[in-house]
Amino acid sequence: MLMFVQVKYQLRSCGRSVLVLCIAALLAACMAFYVGNIGVNKAALQSLSDSVPVTVRITSRNGAKTAGLNIEAKPFDHLTEAGVHDVRCTAVAAGAFSPEVRAQEMFLGGDTIVRAGNSLEALELSADNLHFADGQSAAFLSGDSAQCVIGEDYAERTGLHPGDTLSLEIYTVRQSMNGTIYQIIGTHSAPGGADVILPVNFLRTEAETAGVSFLYDSCSALVDDSTHLKDFKAEMQKYFMDINLSAEDPNAGDALSVEDELFVKTASRLRQNIALFQSMLVPFFALIIGLVVLTTFLTMRSTRRDMAIARSLGVSKWRCAAPNFISTVLLDMLGCAVILPILSAALHIPALSAHAIFGLFTLCAALGTAAALLCLLRFDTLTLLTQVD
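In terms of the numbering used here, the sequence shown is residues 2 to 390.
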């Protein structure tokens with residue numbers, strides 16, 4: 002009970018309490034900025050894959066071409082199953098529509114240009130150039146249905162319209178596929194576009210059903226977790242060659258380009274910042290403790306005579322120091338509790354980090370206050386009581 006009264010007496014010293022409270026808030030703000038910067042850099046590093054995505058592209062062996070390639074299905078599957086998203090791929094084929102072309106003993110290129118893709122972005126088409134029948138959309142490209150979009154010029158030549166069916170024999174550059182019937186769901190007016198646009202998954206299924214080796218024309222994707230690029234590259238080296246500028250085959254799609262320069266530079270800077278802040282944590286906490294020692298010593302010097310009187314009455318040193326220690330630490334905690342929510346909202350500091358900062362500051366305040374009181378208690382009671390100001 003006496004301890005509670007003494008603590009209350011110390012807190013009632015308005016000038017000293019306000020001063021300690023303000024200093025504590027200032028020191029807590031410094032700690033929040035410092036520790037918060039470490040958290041911000043770590044969060045930025047974790048989200049770097051989204052803010053600075055790493056694109057991978059299958060290219061020719063010399064890296065000069067990213068389209069018009071012969072990309073085998075097996076390495077394509079390994080890439081798309083290796084932790085990537087937003088895959089964009091295309092394929093090309095030729096078709097025979099008219100009876101005259103179908104009757105040719107040797108296929109000479111056909112009369113229909115066929116392109117397949119898994120999205121409008123992969124085909125580099127704008128939605129403004131496509132005109133769908135009611136209830137249809139470009140989403141058909143991501144599926145494997147026997148649906149297609151035909152060019153307006155092609156529709157005029159063949160007399161086909163949305164809702165009609167198109168019977169077409171499809172040929173790859175190497176072997177032919179069986180004739181297939183497609184439902185026409187729309188037209189496109191893209192300049193220089195293909196006569197028929199199909200879902201790439203459907204075209205691959207048709208080829209494999211016919212026993213034909215399927216080839217992709219282009220492929221690109223975004224890496225899911227760019228923080229593990231070394232592991233990703235090591236895995237991809239099993240299926241793709243490194244780009245060789247002197248390679249002569251311009252059509253072989255068996256090399257991989259990883260566009261990670263910007264990501265690597267940004268990640269390197271963030272890791273350097275984190276390492277620098279972490280390496281200075283101990284000196285920073287030592288500085289906070291030193292400032293607490295200094296401010297506590299200066300604000301409590303006037304209490305030394307009171308402690309000397311208590312000592313002369315037989316009160317032990319720790320009993321003299323305890324009320325001052327408790328009151329000062331309480332004021333430090335209050336100052337931190339006042340400023341921390343404001344900084345947390347302004348700097349977007351997570352709740353867990355804010356609690357950690359509060360705990361660390363309380364520990365530093367307790368250590369600094371204890372050190373200051375040890376210095377203050379190093380006095381001779383008789384000399385202090387008989388000292389004339």
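Backbone N, C-alpha and C fix where the C-beta goes; we use that ideal spot for every residue, glycine too. Just so it is clear, the structure is predicted and the values come from calculations on it, not from any experiment.
Within the same chain, Val294, Thr297 and Phe298 come within 6 angstroms of Ala373 by CB-CB distance, once the 5 residues on both sides are set aside. Rounded to the nearest whole angstrom, the CA to CA distance from Ala276 to His132 is 55 angstroms. For Pro200, there is no enclosing alpha helix (DSSP H); the residue is found in the beta strand (DSSP E) stretching over Val197 to Pro200. Around the beta carbon of Cys15, fewer than 16 other beta carbons lie within 10 angstroms, which makes this residue exposed. Boundaries of the alpha helix (DSSP H) harbouring Tyr155: Glu153 to Thr159, taken from the DSSP string. Taking a 10 Å sphere around the C-beta of Thr188, we find 16 or more other C-beta atoms and assign the residue as buried. Here the alpha carbon of Ile114 sits roughly 20 angstroms from the alpha carbon of Ala128.
In summary, Ala355 is buried, with 16 or more beta-carbon neighbours lying within 10 Å of its beta-carbon over all protein chains present. As a beta-bridge residue in DSSP terms, Cys149 pairs with Ile185. According to DSSP, residue pairing for Ala253 in a beta bridge involves Asn71. Shortest Cα-Cα distance from Gly254 to any of Ala26, Ile59 and Cys23 involves Ile59. Under the 10 Å beta carbon count, Ala156 is surrounded by 16 or more other beta carbons and is classified as buried. The DSSP-derived three-state label of Thr113 is strand. The three-state secondary structure of Ile39, taken from DSSP, is helix. The C-alpha of Val197 is placed about 12 angstroms away from the C-alpha of Ser190.
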